[in-house]
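Trainee: Position 477 of the first sequence, counted from 1, bears residue number 465 in my numbering, the numbering being contiguous throughout.
I have a structure I would like to understand better, so I am pasting it below and will then ask my questions one at a time.
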Amino acid sequence: MPRYNPAVIEPKWQKVWEESRTFACPRLPKGRKLYVLDMFPYPSGNGLHVGHPEGYTATDIVCRFNRMRGVSVMHPMGWDAFGLPAEQHAKKTGTHPRATTEKNIGNFRRQLKMLGFSYDWDRELATTDVSYFRWTQFIFLVLFDTWFDATQQRGRPIAELPIPTGVAAEGEAAMDRYRDEHRLAYQLEAPVNWCPALGTVLANEEVTGGVSERGGHPVVRLPLRQWMLRITAYADRLEKDLGQLDWSEGIKLLQRNWIGRSTGAEVDFFIGQSSDASRADAYEGWKRDRGHTGFPTKPGDDVLRIYTTRPDTLYGATYMVIAPEHPLVERLTSPEQSAKVREYCQQAARKSDLDRTDLAKEKTGVFTGSYAINPVNGQPTPIWVADYVLISYGTGAIMAVPAHDTRDFEFAKQFNLPIVAVVDPGEAAGSARDDLLAGRVAFIADGVAVNSGPYTGLPTPEFKRKIAEDLATQGIGRSAVNYKLRDWLFSRQHFWGEPFPILHELDAACNRTGRMRALDPRELPVDLPTEMAFDAAHDRPEPPLDKAPADWLYVTRDGKRYKRETNTMPQWAGSCWYYLRFLDPKNGKGLIDPEIEQAWMPVDLYVGGAEHAVLHLLYARFWHKVLYDRGYVSMPEPFQKLVNQGMILGENNEKMSKSRGNVVNPDEVVREYGADALRLYEMFMGPLEAVKPWSMDGVSGVRGFLDRAWRMILDDRAEAVQLNAAVQDVEPSADQNRMLHKTIKAVTTDIEQMSFNTAIARMMEFANFFLKEETRPRSAMERFVLLLAPFAPHMAEELWAALGHAKTLTYEPWPTFDEAAIREDTVEIPVQICGKLRGRIQVPADADKAVMEAAARAEPKVAELLVGRTVVKVIVVPGRMVNFVVR
RNA sequence: GCGAGAGUGGCGGAAUUGGCAGACGCGCUGGACUUAGGAUCCAGUGGAGCAAUCCAUGCGGGUUCAAAUCCCGCCUCUCGCACCA
């Protein structure tokens, strides 16, 4: 047989696999099942990146390994194909995004097939397929039809939403409005970054310093009607259920931080109704009333409600801060301060979120001129407006305790506000304590209360518990939980995304009445219009679909005229549930057959980049929980085990990018070294999860191994297929057998632990050993080929065939090992004196302590060094080492 | 600033979890075969030393018969979050 030539054998085996549908997966698993999922790629115009095959090879190895162990393996692939680039391309060239997308998918598919991954290609799907997004739209309808029952902590049909009698009394329209306010999918006026010059709405990351990243055009923030998804309702469950998942603690923590659960209290500070004269009386009256009425769900306009995680520092509150967008700003501003406050708020409105959270910047704010009364001590406390308080978190207002909060401390220093310490760090804190008491630093940890009225002397945790109770009894506060997580802004002003299955009612003058109507699931899919002009310049931040042909845009139902929703869904939508559709990709009756879902879910192994550690995984988990609550899926979590592959850097240790000129093209690597070499190298580079630099020399190194493995079994100088003369039908020697079984064991356990780099090292050792052997037992060679198969499947198939097998090795049983064959008769043991290596001895593997010690004492070098010394202690670890402790 | 992870030869990385540091690969050195070598094969390769030996897992302490591994204190790098009260 000629030399190893991947350019010939790789396409050959890919064709065999494709034609015999080798990796086709049954509708339902037979026996043990394993669902192995890759994060499906966005098919960009640049083609595959070497980062893609990293995770894909890892999962492919796991799949091929498990097939050989008789497991029913589900391993699908598809395309996350919506996205802005195709739309931008359309604007430039007029090419429909679908055409661009299909072309790019074609290229990605070719590249993935070239690498020999064992996907069941019959299950291929793209998020842009009408038959797919029909069900994405269906799930949106489920979200739209669901409200979150906080008491039961689960999503329920909107029809089951209890309507308060007061609302019901107002009539049908009020009830509709009430329902709309409670749906998991709801509408909101939210500011967007509108760039007039580019004629598009930009994401926050695309705007820096008030201008667009691309082109540097001015960006304005405009309120626009948006769709939101109430993910915050599921915050608690999204956090709690992380516990049952087999994910790295790092990723779980990332999600926990993102959800950002905090516990504390809401407290009402009395602000009264204006006239200063009767204020003290009014306050007393208010407090008395609250004692009877309790803490109201919604704050009245006589109070400023704040949220704090440190109710134990109430006595240290020296001022209050409200966000510039707070509804009470105007009311709380005194005439003298009015001009200043108005200007400050306008300035804040112009700043983007990013500008406002700019680090290292000085704190800004203005005094409103009014005071709120601290309910624990009756102290009038000045109210400031400052943009370091966010309207979107908590109640948009805080009590500031500069002695025990760094941000408040900075602000107080800036504006010379009083600082009152109410938590004593204790004697142990030393100088830090003095600094705190002198107002030089803020102390944010727990301690013991001081200057806190009846609470003085209580340790922080106890104080928190106690005051929460007391506030509740007095009706001036209550325990509260807050999350950093925000509701999900779910609409985009783009063409190339899933249309919403929503109609807006129009009046006779073609204006929206504000009422909307969800399409019936039977009316799905809503396809995108095929005839669209993409060059239309935009002068308003309206979605491109506003310019869709009228026959698409306007519809009539039950005699009423409607306009379709023209926002589209974000790219995240399609990737939120693709793992379900893979299981039943052609189902025209439902998003998935429950029998199939129950049989295959959850995903047993999910591999992808860490860049999706938060958003994608959180969004998908959220959708899954809603589907679970509404009975479409049978378990609450979709991804049981998650592994994040590390990024592959360029040869220069920098991130790969066109501008750095260090991009490695998989096509070229395959052309020069073969797909098996690429696969093997990506696995050999280091641990899957580690960040590691590319090395072409490394690729050529593993290619060298493949060449040697080839020559170990085949005669590469013969014209026809011919085994190497050393390969013979003989029994392996004890040494050969030991190497064989050691290798089987190591490769098996390494694959199970996804430690692919060491598995490859063990196979290299095997080849290095057997290349030196004059005779290579055929049985050993065959089992080696099976071990190699998950890593380098093309070569393995070729060698397997050359060894006389007619069928693919895909379903050959995985080799087993025998511990007895691995065991050595004698082992070499290090002998130490005082922990230093002084000699080595050969002893029987099962030698007991006495035998080992005797052998060690007999070792000439050791014996010499022990002369004239007192052996204080001898440590003997059977099968490991001997150590003499001498004086 | 907060959080997480990581520091081992010239390089990528191993090390049964406290038991011979440096598996495997790259690179390098020497040799063989060659018109040729960026092919293949053989030998060597952490540092210092002629050697015995000594020194070596970011730095400094500690525990232990024994530490890359455990504990304490630092330093550096990477990633994530970034005024969330």
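Backbone N, C-alpha and C define an ideal beta-carbon position, used for all residues, glycine too.
Within the same chain, show all residues whose beta-carbon is closer than 6 angstroms to that of G384, passing over the 5 residues directly before and after it, in chain order.
Mentor: Indexing the first sequence from 1 puts residue 384 at position 396. Correct list, in chain order: A311 and H314.
Trainee: Rounded to whole angstroms, what is the Cα-Cα separation between I151 and G159?
Mentor: As a working mapping, residue 151 is identified with position 163 in the first sequence. As a working mapping, residue 159 is identified with position 171 in the first sequence. Their Cα atoms are separated by approximately 11 angstroms.
Trainee: Distance check for A794 and F96, CA to CA, integer angstroms please.
Mentor: In the first sequence, the residue the question calls residue 96 occupies position 108. In the first sequence, the residue the question calls residue 794 occupies position 806. Cα-Cα distance, rounded: 31 angstroms.
Trainee: Nearest to T10 by CA position, among E852, P73 and Y107, is which residue?
Mentor: Within the first sequence, numbered from 1, the residue matching residue 10 stands at position 22. Per the Cα distances, Y107.
Trainee: Grab me the residues of V24's own chain with a C-beta within less than 6 angstroms of its C-beta, minus the 5 sequence neighbours each way, in chain order.
Mentor: Locating residue 24 in the first sequence gives position 36, where the first residue counts as 1. Closer than 6 angstroms at the Cβ level, and outside the excluded window around V24, lie T47, V50, C51, H63 and L593.
Trainee: How far does the beta strand (DSSP E) with F136 in it reach, from first residue to last?
Mentor: The residue given as residue 136 occupies position 148 in the first sequence. Here the beta strand (DSSP E) through F136 covers T134 to D137.
Trainee: DSSP three-state label for R528, please.
Mentor: The residue you call residue 528 lines up with position 540 of the first sequence. DSSP places R528 in coil when its eight states are reduced to three.
Trainee: Using DSSP with H/G/I as helix, E/B as strand and the rest coil, what is D277?
Mentor: For the purposes of this step, residue 277 is taken as residue 289 along the first sequence, with counting starting at 1. Helix, per DSSP.
Trainee: Take the Cβ of C822 as the centre, count every other Cβ of all protein chains shown within 10 Å, and call the residue buried at 16 or more, exposed below.
Mentor: Counting from 1 along the first sequence, the entry for residue 822 is found at position 834. That one is exposed.
Trainee: Could you tell me which whole beta strand (DSSP E) segments of length 3 or greater appear in the stretch 27 to 89?
Mentor: Correct list: 60 to 62.
Trainee: Using the three-state DSSP reduction, which class does L728 fall into: helix, strand or coil?
Mentor: As a first step, residue 728 must be located in the first sequence, where it is residue number 740. Correct three-state label for L728: helix.
Trainee: Below 8 angstroms on the Cβ atoms is my guess for M635 versus G43; work out the distance and round it to an integer in Å.
Mentor: In the first sequence, residue 635 corresponds to position 647, counting from 1. In the first sequence, residue 43 corresponds to position 55, counting from 1. At roughly 11 angstroms, the Cβ-Cβ gap does not stay under 8 angstroms, so M635 and G43 are not in contact.
Trainee: Within its chain, find whatever has a CB closer than 7 angstroms to the CB of S380; leave out the 5 residues flanking it on each side and keep chain order.
Mentor: Here residue 380 refers to the residue found at position 392 when the first sequence is read from its first residue. The answer, listed in chain order, is R474.
Trainee: Answer yes or no: do A173 and M163 have a C-beta to C-beta separation smaller than 8 angstroms?
Mentor: By 1-based counting over the first sequence, the position of residue 173 is 185. By 1-based counting over the first sequence, the position of residue 163 is 175. Against a cut-off of 8 angstroms, the Cβ pair of M163 and A173 comes out as no contact.
Trainee: Could you check the C-alpha separation between R549 and R165 for me, to the nearest Å?
Mentor: Looking up residue 549 in the first sequence gives position 561. Looking up residue 165 in the first sequence gives position 177. Using only the alpha carbons, I get a separation of about 20 angstroms.
Trainee: By the 10 Å Cβ neighbour count, where 16 or more other Cβ atoms means buried, how is S479 classified, buried or exposed?
Mentor: As a working note, residue 479 is residue 491 in the first sequence. It counts as buried.
Trainee: Would you mind working out which of G19, L22, N54 and P14 sits nearest W802, comparing C-alpha positions?
Mentor: Here residue 802 is taken as the residue at index 814 of the first sequence, counted from 1. When each option's Cα is compared against that of W802, the closest is N54.
Trainee: Quick check: what's the CA-CA separation for A388 versus V602?
Mentor: For the purposes of this step, residue 388 is identified with residue 400 of the first sequence, where counting begins at 1. For the purposes of this step, residue 602 is identified with residue 614 of the first sequence, where counting begins at 1. The alpha-carbon atoms of A388 and V602 are separated by roughly 31 angstroms.
Trainee: Mark A114 as exposed unless 16 or more other C-beta atoms lie within 10 angstroms of its C-beta, in which case mark it buried.
Mentor: Here the question's residue 114 lines up with position 126 in the first sequence. Burial call: buried.
Trainee: Quick one: residues in its chain with C-beta nearer than 6 angstroms to the C-beta of R57, no 5 flanking neighbours on either side, listed in chain order?
Mentor: For the purposes of this step, residue 57 is identified with residue 69 of the first sequence, where counting begins at 1. So the list reads W802, once near-sequence residues are dropped.
Trainee: Excluding the 5 residues flanking V864 on each side, which residues of the same chain have their C-beta closer than 7 angstroms to its C-beta?
Mentor: As a first step, residue 864 must be located in the first sequence, where it is residue number 876. So the qualifying residues of the chain are K837, M840, E841 and V870.
Trainee: Which residues share a DSSP beta bridge with F627?
Mentor: Numbered from its first residue, the first sequence carries residue 627 at position 639. V591.
Trainee: Can you say whether D452 is buried or exposed, counting buried as having 16 or more other CB atoms within 10 angstroms of its CB?
Mentor: Start at 1 with the first residue of the first sequence, and residue 452 comes out as number 464. The amino acid at residue 452 is misidentified as Asp; the sequence shows Lys. Answer is buried; the Cβ neighbour count reaches 16.
Trainee: Going by DSSP, what residue range makes up the beta strand (DSSP E) through P17?
Mentor: In the first sequence, residue 17 corresponds to position 29, counting from 1. No beta strand (DSSP E) contains P17, which DSSP labels as neither H nor E.
Trainee: In this structure, what does DSSP give as the bridge partners for Y23?
Mentor: For the purposes of this step, residue 23 is identified with residue 35 of the first sequence, where counting begins at 1. Looking at the DSSP assignment, Y23 forms a beta bridge with M62.
Trainee: Is the beta carbon of Y661 closer than 8 angstroms to that of S683?
Mentor: Within the first sequence, numbered from 1, the residue matching residue 683 stands at position 695. Within the first sequence, numbered from 1, the residue matching residue 661 stands at position 673. No, the Cβ-Cβ distance between S683 and Y661 is not below 8 angstroms.
Trainee: Output needed for E177: all residues of its chain with C-beta closer than 8 angstroms, excluding positions within five of it in sequence on either side, in chain order.
Mentor: Numbered from its first residue, the first sequence carries residue 177 at position 189. P211, L212, R213 and Q214.
Trainee: Which ranges would you report for the alpha helix (DSSP H) in the stretch 740 to 783 if only whole runs of at least 4 residues count?
Mentor: Qualifying alpha helix (DSSP H) stretches, in chain order: 744 to 759 and 766 to 776.
Trainee: Is the stretch 128 to 136 close to the stretch 803 to 811, with three or more CB pairs under 8 angstroms?
Mentor: Touching, no.
Trainee: Since G66 contacts E(-2) with CB under 8 angstroms, what's their CB separation in whole angstroms?
Mentor: In the first sequence, residue 66 corresponds to position 78, counting from 1. In the first sequence, residue -2 corresponds to position 10, counting from 1. The pair is not a contact, with the Cβ atoms about 23 angstroms apart (cut-off 8 angstroms).
Trainee: Which residues in the same chain as V354 place their Cβ atom closer than 6 angstroms to its Cβ, once the five residues preceding and following it in sequence are excluded?
Mentor: What you label residue 354 is simply residue 366 of the first sequence in a count that begins at 1. So the qualifying residues of the chain are K328, V329, Y332 and V373.
Trainee: Look at the alpha carbon of L16 and the alpha carbon of A587, and state the distance between them as a whole number of angstroms.
Mentor: Counting from one through the first sequence, the residue named residue 16 turns up at place 28. Counting from one through the first sequence, the residue named residue 587 turns up at place 599. One C-alpha to the other measures close to 6 angstroms.
Trainee: For the candidate residues L149, G282, M308 and G273, whose alpha-carbon lies nearest to that of F403?
Mentor: Counting from one through the first sequence, the residue named residue 403 turns up at place 415. For the residues L149, G282, M308 and G273, the minimum Cα distance to F403 belongs to M308.
Trainee: Enumerate, from N- to C-terminal direction, the unbroken beta strand (DSSP E) stretches of 3 or more residues contained entirely within the stretch 324 to 403.
Mentor: Correct list: 354 to 361, 368 to 373 and 385 to 388.
Trainee: Measure the Cβ-Cβ separation of T306 and G357 and say whether it is below 8 angstroms.
Mentor: Working through the first sequence from its first residue, we reach residue 306 at position 318. Working through the first sequence from its first residue, we reach residue 357 at position 369. No, the pair does not count as a contact, with Cβ atoms beyond the cut-off.
Trainee: Considering only DSSP beta bridges, list what V309 is partnered with.
Mentor: The residue labelled residue 309 in the question sits at position 321 within the first sequence. DSSP lists W372 and I386 as partners of V309.
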